[in-house]
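Chains A and B, in that order, are what the protein sequence lines are.
Heads up: the first sequence begins at 1 in the UniProt record's numbering, then just goes up one per residue.
Heads up: the second sequence begins at 1 in the UniProt record's numbering, then just goes up one per residue.
Backbone N, C-alpha and C define an ideal beta-carbon position, used for all residues, glycine too.
Only one structure is covered here, and it is reproduced in the block below.
There are 2 protein chains.
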Amino acid sequence: MDIRTLCLGLLTFGEATGYEIKKAFQDRMSMVYDASFSSIYPSLNRLTKEGLVSCRAESQSRRPDRKVYSITPAGREEFLKEIHNAPAADKFRSDFLATLMFSHLLQPGNVSRLIDNQIMDYRQKKDELSQGCGMKQSQSEQFLCGFGVTMYQAAIEYLEQNRHLIEAPAPVRAPAKQSVK
Amino acid sequence: MDIRTLCLGLLTFGEATGYEIKKAFQDRMSMVYDASFSSIYPSLNRLTKEGLVSCRAESQSRRPDRKVYSITPAGREEFLKEIHNAPAADKFRSDFLATLMFSHLLQPGNVSRLIDNQIMDYRQKKDELSQGCGMKQSQSEQFLCGFGVTMYQAAIEYLEQNRHLIEAPAPVRAPAKQSVK
DNA sequence: CGGAACATGTAATACGTTACATGATTAA
DNA sequence: TTAATCATGTAACGTATTACATGTTCCG
Chain A
1 MDIRTLCLGL
11 LTFGEATGYE
21 IKKAFQDRMS
31 MVYDASFSSI
41 YPSLNRLTKE
51 GLVSCRAESQ
61 SRRPDRKVYS
71 ITPAGREEFL
81 KEIHNAPAAD
91 KFRSDFLATL
101 MFSHLLQPGN
111 VSRLIDNQIM
121 DYRQKKDELS
131 QGCGMKQSQS
141 EQFLCGFGVT
151 MYQAAIEYLE
161 QNRHLIEAPA
171 PVRAPAKQSV
181 K
Chain B
1 MDIRTLCLGL
11 LTFGEATGYE
21 IKKAFQDRMS
31 MVYDASFSSI
41 YPSLNRLTKE
51 GLVSCRAESQ
61 SRRPDRKVYS
71 ITPAGREEFL
81 KEIHNAPAAD
91 KFRSDFLATL
101 MFSHLLQPGN
111 VSRLIDNQIM
121 DYRQKKDELS
131 QGCGMKQSQS
141 EQFLCGFGVT
151 MYQAAIEYLE
161 QNRHLIEAPA
171 PVRAPAKQSV
181 K
């Protein structure tokens, strides 16, 4: 789902400015998506051109016009259609895990440090998410939040329980010439 | 980590053609990264220009030259440097979860179907990964594989145990006018 | 006085994908 | 005979990011 569609979706919760949508991304979607102003503002302009949102400009003194966007019936319909499509598969990218694929090139101490840091990272993100969870109003938000917390917890436990596998590599008896295949 | 760097990394396991690197991506890295020929071939050409890999062409009859790439000392050094950098944070994108954020726009039956499908999906991916796990030779590969299996399992359990939260939304007493904020 | 929050936008750039182009060999 | 595997590449396109551009207001 692209930023444009997600902006449209966020507007189903009520009208908002680009600035507020950015905050909504951070507050409610940061677990699964994020967006910068440079993708939000053009998206909003495009949605307006397409007639999927309408825009009311409030002029402010010494500041850019505050542009308040609302979803139109056409926009609502479009978004409804979108969320009835089968969702694309989850995508997970991890430089941490990718690096561990090459742990044969690192010294044991470095592998340990890498894992330590990653655990601390996961812990912190989990805590941040947990804290936010309580403040969420809707069930969906709490559900998502809980999902994130669960995932982080599982990752932490896996790392703690299995790190020895790559920290103390079992000596290979007959080190065959390796190949990519 | 970009495809170019990952190609360089895969070549630390031994020489390979672009075609074989594509397979390596699928076999060993699919959990955390994937790449198409259209990003691999240009990467390899660029790495060659940069002197980080060398290329030996084997001419074949009625088929494009088989180009076998090897990492050079400079390439090895470059990659070493790369994996000693602090890894970028994990990225997780989920259209499924994003869709659930908008479950207030879906009928209960659709929410249930969505979750059912997602669980089946996760189960299948977990099984595929589990199967592959046994065949992996190196500890790092088994470690990564195990990580993936653990994550899928955690996701499945969370969905099964918490789906009722969004399948049967508790009736709101005084439905306040919602807002994005 | 400094930094966060408010407020919107463009330009240049990076990174990757799908579609296009071409074709032989081998196993089911 | 049909699909998979082998084998390499370019062109067009999409999508998002970082850097640039420009301020005011409010809180500590």
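- In the three-state scheme derived from DSSP, where H, G and I count as helix and E and B as strand, A:R66 is classed as strand.
- With 16 or more other CB atoms across the displayed protein chains lying within 10 angstroms of its CB, A:R28 is buried.
- Within chain B, the C-beta atoms nearer than 8 Å to that of A:G9 come from A98, M101 and F102, in chain order.
- With its beta carbon less than 8 Å from one in chain A, B:Y33 belongs to the interface.
- Assignment of A:A168 by DSSP, reduced to helix, strand and coil, places it in the coil class.
- Residue-level contact by beta carbon holds for B:T12 and chain A, with a gap shorter than 8 Å.
- Inside the region 74–99 of chain A, DSSP marks no whole alpha helix (DSSP H) run of 4 or more residues.
- Against B:F37, chain A offers no close residue; the least beta-carbon distance is about 16 Å (beta-carbon pairs closer than 9 Å).
- Interface annotation, B:N162: in contact with chain A, CB-CB separation under 8 Å.
- Looking only at B:E15, B:E77, B:A24 and B:D95, the smallest Cα-Cα distance to B:R66 is reached by B:E15.
- Taking one beta carbon from each stretch, the region 129–145 of chain B and the region 119–139 of chain A have fewer than 3 pairs nearer than 8 Å; the two do not touch.
- Annotation: A:T5 to A:V32 spans about 14 Å, alpha carbon to alpha carbon.
- The beta-carbon distance between B:G148 and A:N162, rounded to whole angstroms, is 12 Å. This is too long to meet the 8 Å contact definition.
- Between B:R123 and chain A, the shortest Cβ-Cβ separation is not below 8 Å.
- Contact annotation: in the region 131–147 of chain A, residues whose CB is within less than 9 Å of a CB in chain B are Q137, S138, Q139, S140, E141, Q142, F143, L144, G146 and F147.
- Judged by pairs of C-beta atoms under 8 Å, the region 93–102 of chain B touches the region 114–121 of chain B, as three or more such pairs exist.
- Taking A:S39 as reference, the option from A:L8, A:F102 and A:H164 with the minimal CA-CA separation is A:L8.
- For A:K49, the closest Cβ of chain B is not nearer than 8 Å.
- Listed in chain order, the non-local C-beta contacts of A:I166 below 7 Å within the same chain comprise L100, S103 and V111, local neighbours out to five positions each way being set aside.
- When B:P108, B:N117 and B:F92 are compared, the shortest CA-CA separation from A:L144 is found for B:F92.
- Taking every protein chain shown into account, the CB of A:S61 has fewer than 16 other CB atoms within 10 angstroms, so this residue is exposed.
- Here the alpha carbon of B:Q139 sits roughly 39 Å from the alpha carbon of B:H164.
- Sequence-distant partners of A:R76 (beyond 5 residues in either direction) whose C-beta falls short of 8 Å from its own C-beta, in its chain, are T12.
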